[in-house]
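Using our numbering, the first residue of the sequence shown is number 1, and each one after it goes up by one. Glycine is no exception: its CB is placed at the ideal position from the N, C-alpha and C atoms.
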Amino acid sequence: MPAKRTKRVEDIQAIHRWAKLLEARGYIKDIAGDRNVLSKLLRKKQVGVYAGIDPTAPSLHLGHLLPLMVLFWVYLHGHHAVSLIGGATARVGDPSGRLKSRERTASSVHASNAQSLHVQVETLWQNATASGRRHGHEQKPEWRRQLLDNADWLGKVDIVSFLQLLGSGMRIGTMLGRDTVKNKLEKGDGMSFAEFSYPLLQAWDWWHMFSNQGVQLQIGGSDQYGNIIAGIDAIKHIAQGGDEKSAKFDDSSAPMGITVPLLTTSKGEKFGKSAGNAVWLDASLTSPFDLYGFLLRTSDEDLPRHLNLFTFLPAAAIESLLEEHSKDPGKRLAHHVLATEVLQLVHGTEIAAETRAKHEQMRRPRLSSLVRRSVTPGAESDVTPSTPETQEEKFKLARSRIENASLAKILLLAGLAPSVSAATRAIRSGGVYVASSEASAVADSEAEPNSGDGLTFTAVGPDEKLEDITSFVDDGLIVVRMGKWKVRVIEIIDDGDVD
1 MPAKRTKRVE DIQAIHRWAK LLEARGYIKD IAGDRNVLSK LLRKKQVGVY
51 AGIDPTAPSL HLGHLLPLMV LFWVYLHGHH AVSLIGGATA RVGDPSGRLK
101 SRERTASSVH ASNAQSLHVQ VETLWQNATA SGRRHGHEQK PEWRRQLLDN
151 ADWLGKVDIV SFLQLLGSGM RIGTMLGRDT VKNKLEKGDG MSFAEFSYPL
201 LQAWDWWHMF SNQGVQLQIG GSDQYGNIIA GIDAIKHIAQ GGDEKSAKFD
251 DSSAPMGITV PLLTTSKGEK FGKSAGNAVW LDASLTSPFD LYGFLLRTSD
301 EDLPRHLNLF TFLPAAAIES LLEEHSKDPG KRLAHHVLAT EVLQLVHGTE
351 IAAETRAKHE QMRRPRLSSL VRRSVTPGAE SDVTPSTPET QEEKFKLARS
401 RIENASLAKI LLLAGLAPSV SAATRAIRSG GVYVASSEAS AVADSEAEPN
451 SGDGLTFTAV GPDEKLEDIT SFVDDGLIVV RMGKWKVRVI EIIDDGDVD
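In C-alpha cells:
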C-alpha cells in the first residue's frame with residue numbers, strides 16, 4: 001500500500017478512535033443530528049469543532065472545563081479546535097436553563113471580562129497541550145487551534161442581511177416550543193425579545209465559522225441542545241437558500257452537535273459548587289489551595305467519573321490508579337492525582353506541585369510548624385473564610401475545665417464540634433485523632449507515621465478522657481484532628497494562669 005494511502009487509513013482510524021474515546025470517558029449526553037451520519041463523518045475526515053463561552057463573569061468556573069475538555073481531546077487527536085469567546089452575545093445574555101433574566105451589565109465590564117477570559121483560555125490551552133504531552137500525545141504540525149471572539153463579526157452584521165439570510169428560515173412556532181422559552185414564560189419572569197433572539201445570534205456564530213473555518217461540530221453544555229438544533233437549522237437554511245457564497249451540502253459536510261452531561265455529585269449536588277458558590281479557575285477568586293481542597297473532597301463514588309472527565313490519564317492508568325487507591329482509601333491517592341492533574345491544567349505544573357506539597361503537609365503536619373501557624377481565637381489568620389476545614393487554631397483550656405471530661409466534651413470546648421453529641425458521633429465513626437511526636441509515638445496499627453518532628457495521629461475511642469491520653473501531651477500541648485483537615489492545637493494551662 002502506498003505511503004500516502006497508509007497514512008490516510010491511519011488518520012481515519014485515529015479519528016474513529018477519538019469518537020469512541022469521548023463516549024467511553026462519559027463526555028457525550030446527546031447528539032444533535034443523526035448518530036450514524038456523525039459516525040460516518042468521523043470515519044471519513046477530520047472536522048472542525050468549537051465550544052463557546054460567554055464572558056458573563058471575569059473567570060471561568062470548574063463547570064466550564066467539561067466542554068473544554070472535549071475540545072482539548074479533539075485537538076490532541078489532530079482536529080481543528082476553535083474556542084469562541086462570546087464578547088457580543090454576552091451583552092444579550094443566554095437564557096438557557098434560567099428562569100430569571102440576567103442583570104444588565106456595563107459594556108466596560110463585558111469588555112474586561114472578555115479580555116480576562118482570552119488570557120485564561122489561552123493559558124488553559126497551553127497547559128492542556130503540556131498535559132497531553134505528558135500522557136503521550138506528541139504535538140504534530142497539522143494540529144490546529146483558534147481562539148476567536150464573536151464581537152469581531154456580530155458587530156459588523158447589518159440587521160437586514162441578518163433577517164434576510166437567517167431570520168427567514170427560523171419558524172416562530174418552533175422557537176416557542178423550545179424548553180428554555182416555555183419554562184421562562186410559564187415559570188420564570190418572562191422573556192425579552194433580546195433573550196428570544198439569542199439562539200439566532202449563536203446560530204449566526206456557527207454559520208460564520210462553518211463558512212469561514214469549516215467548523216461542523218459544536219460542543220455545548222447540557223442546556224445547549226435547543227440552541228445547537230437552532231444552529232443546525234440555520235446553517236442548512238442559509239447554505240441551501242441561494243446565498244452566493246454558499247453551496248448545498250451532503251452528509252459529509254452536515255453540521256452536527258454534541259452536548260456534555262450536567263455533572264452532579266453522588267449526593268445530587270451540582271458539581272463545581274462549594275457551599276452554593278462557584279469554584280473559579282482564577283487564582284484571585286478561588287486560590288489554588290482551595291481548588292485542590294475542593295477536589296480532595298470528591299467522594300470515592302465520583303472518583304472514576306471525574307478522573308475520566310477532567311484528566312488526560314489513559315483509561316488503563318485510571319484503572320490501575322483506582323485499584324491501588326482501593327488498597328488503602330485513607331491515603332486518598334486517587335484524590336491527590338485528580339487534584340494535581342486539574343491544577344496542572346488550570347494553573348500549571350509548578351503551582352500544582354507546590355499546592356500538593358502544602359496539602360500533604362496539612363495531612364501530616366509537623367508540630368513546630370503547626371504551633372507557628374496556630375492563632376488564638378479572634379486573632380487574624382492567613383486562612384481564608386472559604387476554607388474552614390483547613391484552619392488550625394490554638395486554644396488555651398484550663399485544666400479544671402477538662403479534668404474528667406470526655407473527649408467529646410474537649411472537642412466541643414475546642415470548637416471542633418457544635419455539640420457533644422456531634423463530637424461523639426465523629427469519635428464513634430473513627431473520625432477523631434490525637435497526635436504525638438514521632439519520637440514518643442507508641443506503635444499503633446491505625447497510626448499515620450511521619451518523620452523528624454512530624455506528628456503521628458492515632459484514632460481514639462469514645463470513652464477516653466484526658467487522663468487516658470496524657471501520653472499524647474507534648475510540652476503542654478495536645479493536637480487533635482477531626483476528619484481529614486480540622487486541626488486544633490490545645491494548650492492545657494493551670495487555673496492560676498487563666499486571664
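Opposing strand residues paired with residue i [DSSP bridges]
i	result
E502	This structure does not reach residue 502, given that the chain is present from 1 up to 499, and the question cannot be answered.
Q218	Y50 and G257
V74	In the DSSP output, where bridge partners are listed per residue, V74 has none listed.
V434	T458 and V480
T264	K270
K486	M482
Proximity winner among the options, relative to residue i (alpha-carbon distances)
i	options	result
S168	H347, A128, I235 and W206	I235
V121	I53, A435, A203 and R178	I53
I219	F72, I478, G415 and K409	F72
L343	L281, L154, K331 and S419	L281
M209	V47, L38 and A414	V47
F310	L65, L99 and I31	L65
I258	F196, V460, P67 and T123	P67
N227	M69, L62 and S96	S96
G430	G293, L263, R35 and A459	A459
Q213	S253, A423 and F395	S253
A408	Y433, A398, S222 and P304	Y433
A57	A423, E23, Q115 and V157	Q115
R399	S421, Y292, A423 and I493	I493
A90	E103, P55, K40 and G136	P55
E195	R98, E324, Q216 and A106	R98
E138	Y75, E186, P304 and L154	Y75
K358	F395, D290, G330 and A423	D290
K140	E269, H77 and D158	H77
T349	A239, I31, A426 and A128	A128
A352	K327, K396, I490 and L295	L295
I478	L322, D152 and L397	L397
L201	L154, A417 and R356	L154
D328	I85, R35 and D300	D300
S211	F193, S222, G231 and D223	G231
G268	V260, A239, R401 and D302	D302
Beta-carbon separation (whole angstroms), residue i vs residue j, contact threshold 8 Å
i	j	result
V480	L412	About 12 Å; that fails the 8 Å criterion.
G132	F312	6 Å
L338	T298	6 Å
P255	W206	7 Å
S83	L147	5 Å
A414	R488	5 Å
Y198	V92	5 Å
H79	V37	Rounded, the Cβ-Cβ distance is 17 Å, inconsistent with contact.
T279	L124	The displayed chain sequence assigns Val, not Thr, to residue 279. At roughly 15 Å, the Cβ-Cβ gap does not stay under 8 Å, so V279 and L124 are not in contact.
K184	M191	5 Å
A315	A24	7 Å
D189	S284	With a Cβ gap of about 32 Å, D189 and S284 do not count as contacting.
A426	M482	6 Å
K331	L416	At roughly 23 Å, the Cβ-Cβ gap does not stay under 8 Å, so K331 and L416 are not in contact.
T355	P304	With 8 Å as the limit, T355 and P304 do not qualify as a contact, their Cβ atoms being about 23 Å apart.
L22	I28	6 Å
E491	F395	7 Å
Limits of the alpha helix (DSSP H) - the one that residue i falls within
i	result
A316	A315 to K327
A334	L333 to H347
W290	Looking at the sequence shown, residue 290 is not Trp but Asp. It spans P288 to L296 - the alpha helix (DSSP H) in which D290 sits, taken as one unbroken run.
T424	V420 to R428
H306	L303 to F310
Range covered by the beta strand (DSSP E) that runs through residue i
i	result
I28	Here I28 belongs to no beta strand (DSSP E), and DSSP marks it neither H nor E.
The ligand PLP heavy atom lying under 8 Å from the CB of residue i
i	result
P304	You won't find the ligand PLP in this model; it holds no ligand whatsoever.
Exercise. Which ranges does the beta strand (DSSP E) cover as unbroken runs of at least 3 residues, wholly within the region 54-118, from first to last along the chain?
Worked result: Fully enclosed beta strand (DSSP E) runs of no fewer than 3 residues occupy 80-85 of the region 54-118, in order along the chain.
Exercise. Curious, which full-length beta strand (DSSP E) runs of at least 3 residues does the region 144-231 contain?
Worked result: 144-149 and 215-220, all fully within the region 144-231.
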